[in-house]
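These protein sequences, in sequence, are chains R and A. The first sequence begins at 1 in my numbering and counts up by one. The second sequence begins at 1001 in my numbering and counts up by one.
Protein chains: 2
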Amino acid sequence: MGVMVRWEPNALGRLQQAAFELFMERGFEQVTVAEIAERAGLTERTFFRYFTDKREVLFAGAAALSDLMVSAVADAPESGAPIDAIAAALDAAGTMFDEHGAGARRRQAIITAHAELRERELIKLAGLATALADALRQRGVGDPAASLTAEAGIAVFKIGFERWVAEPGGPDLTRVMRAALDELKSVTAGK
Amino acid sequence: MGVMVRWEPNALGRLQQAAFELFMERGFEQVTVAEIAERAGLTERTFFRYFTDKREVLFAGAAALSDLMVSAVADAPESGAPIDAIAAALDAAGTMFDEHGAGARRRQAIITAHAELRERELIKLAGLATALADALRQRGVGDPAASLTAEAGIAVFKIGFERWVAEPGGPDLTRVMRAALDELKSVTAGK
């Protein structure tokens, strides 16, 4: 006989879907890991193979987002200025979110409503700024230019994202962030 | 007879001094609130009149810093651009820290060494960005210009502060932040 080892198809996606549903139905605090696993038809043990806690379900995409943006910086034309490489990274992020509009907005609504989630988001954004600054240094950008350009990009990302989430019928994120970057250029120029 | 109610002169300052000494001597994790109170010659009860936990000792100045920077934005010449009001706020902050150089660097060394303190610092910086954006809106600056200008200022503050802390014999914080703001203007202009 022996133990049946069953491969769970798309366990990650099912856990995320179950968590989102439960967070929306009952509120983030009220939901336990056991309930998420049950709704997904999986075990708690499986949950903890993918996530350290229920907060992390909401930030599962952070590493992929960082990789995507870092690659965009690395692949940007060598002739461009550092801010152009960051603009390319913002475009890449925008395109990714624009393909998942409704899900990204639902996720953000949950985060915005909880201080502990907003804090974790700040930590993820700070990590993203560090990764982008490193990517710029890899291109030969010095300091503090690398750090400042990366932080400027994160400011645009943060403010652009907030505006995009607040206006569900509005322009897509890529456009909102391009407009925010233009606005940042304008305000730093003293306009 | 009756209970003696003793006024403790400069309890706040004594608690801060005691906490800094103990954090430096034994490391942040190892120190308890009871030990901080004892070193200061005060009771735990007095400690909790001033701070919610031992982390807050390191952020006791955050509200005063925010007030100082917000006032500088409010008092900046009406004819100036939003970024000039933020520059005035950075100057005010720089002057405050330059008067407490050694203490500010010691404090930062403790924060940098602990993830939970770096997280709380990110939260304080995000709160500072919100306060500065509100102060700009009070001056009639619209959105997203107000948020972006405030975030740009916080980027300069963060990077400038890191550089200043890393170079104890270097230029003062006011100068480091002015240079960082010039650099930010330069990188956003595509240089």
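Glycine included, C-beta positions come from ideal geometry on N, C-alpha and C.
Secondary structure at K185 (chain R): helix, using DSSP grouped into helix, strand and coil. Here F1048 (chain A) is exposed, its C-beta having fewer than 16 other C-beta atoms within 10 Å. CA-CA distance, G153 (chain R) to A1115 (chain A), rounds to 23 Å.
Taking the Cα positions, A113 (chain R) is about 34 Å away from A1081 (chain A). Taking 9 Å as the cut-off, the Cβ atoms of F157 (chain R) and L125 (chain R) count as close. DSSP places P1082 (chain A) inside the alpha helix (DSSP H), whose first and last residues are P1082 to D1098. One Cα belongs to G1170 (chain A), the other to F1059 (chain A), and the distance between them is close to 24 Å. The three-state reading of DSSP puts E25 (chain R) in helix, counting H, G and I together. Of the candidates R:P9, R:A131 and R:M69, the residue whose Cα lies closest to the Cα of A40 (chain R) is R:P9. By the 16-neighbour rule on beta-carbons within 10 angstroms, K1054 (chain A) is buried. With a cutoff of 9 Å on beta-carbon distance, A1145 (chain A) and S186 (chain R) are scored as near each other.
About 15 Å separates the beta carbon of T1174 (chain A) from that of D1084 (chain A), a gap too long to meet the 8 Å contact definition. Contacts with chain R (Cβ-Cβ distance below 7 Å) from the stretch 1159–1187 of chain A involve I1159, R1163, A1180, E1183, L1184, K1185 and V1187, listed in chain order.
When the Cα atoms are used, R105 (chain R) and R1014 (chain A) turn out to be separated by approximately 48 Å. In its chain, beyond the 5 residues on either side, A72, T174, M177 and R178 have a beta carbon closer than 8 Å to the beta carbon of D91 (chain R).
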